[in-house]
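Numbering (our numbering), first residue to last: 3 to 295. A virtual CB, placed ideally from N, CA and C, is assigned to each residue, including glycine. Written out below as structure tokens is the structure these notes cover.
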Ligand code: PEP
Ligand code: MN
């Protein structure tokens, strides 16, 4: 006779012993109390280590990316960013230079020594992007592209996982779980702002609570992206410091040599001078938090 579950009176099945499907058991701090430290080149995220990722939203030209790369390295960035494949709202907007951008990022790495992170939007591009990049970025719009997550996880590179702009914290952590379950534990979470009722003054609202909460729930490092998180360069320095106070293990910042002429996200991009000023402001906040930058 079948054994009945005493609570729901259904036949007992071995799957009943498996963790509930909505549990991020590998990402959870409960099963792994120590902070995970993720390394990208010489940069370290988590476990008391803090690093800044900076660079243009999109790679536009050789001169633009090299100028940005040298400027951010001199100011103290540890990782260079730059989009090769851009997830644009309109198909008529600049879509990125594709492989040519990847080659320029590799050149910038050679010149500056900075490791590079860039977004991969499509499963078909994973192998190509992984040949050039030191870290693969999953964008906010792709956070729930589960097959892409699985493919990216198996590329053998650290992953920067952005939170969808309407995703719950649980959904975000479950997307991280997809990466961990596929065998990749080098995952850095990135809070990049939520869509709110205000679109007049800000593009998004950086969810500082999510940064603090994610640290309670998971051992994975959590960084903040105040560039997309606010949409305004004049708010980026303040929200960067606020993110450090909320426990961020790093920052992702858009920096462009000439924001007014940027092909993508110019309004939220810092000039090299503004980036340098912010990098001088951060150490006092890091010291308060006991972080090494
Ligand atoms: C980006 O980092 O340039 C980007 C497109 O970010 P998000 O996916 O957070 O919008
Ligand atoms: Mn951008």
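Check                                                                                                   : Outcome
Proximity of residue 107 and residue 86 at Cβ, strictly below 8 Å                                       : yes
The beta strand (DSSP E) enclosing residue 299, as first and last residue numbers                       : In the structure displayed, the chain extends from 3 to 295; residue 299 sits before or after that span and is not available.
Between the CA atoms of residue 218 and residue 45 - distance to the nearest angstrom                   : 23 Å
Cβ neighbour criterion (16 or more within 10 Å) applied to residue 91                                   : exposed
Coarse secondary structure for residue 256, derived from DSSP in three states                           : strand
C-alpha gap between residue 225 and residue 250, whole angstroms                                        : 5 Å
Whole-Å CB distance - residue 287 paired with residue 246, under 8 Å assumed                            : 4 Å
Cβ separation of residue 150 and residue 144, assumed to be a contact under 8 Å, to the nearest whole Å : 6 Å
heavy atom of the ligand MN below 7 Å from residue 256 C-beta                                           : yes
For residue 188: DSSP bridge partner residues                                                           : BP columns for residue 188 are empty, so no partner.
CB contact flag (residue 167, residue 195, <8 Å)                                                        : yes
Selected residue, minimal CA-CA separation from residue 165, among 244, 43, 174                         : 174
Nearest to residue 182 (by Cα), restricted to the options 202, 201, 158, 204                            : 158
Given residue 97 as reference, the closest of 73, 32, 122, 269 once Cα atoms are compared               : 122
Identity of the residue in 266, 41, 47 nearest residue 99 by Cα                                         : 266
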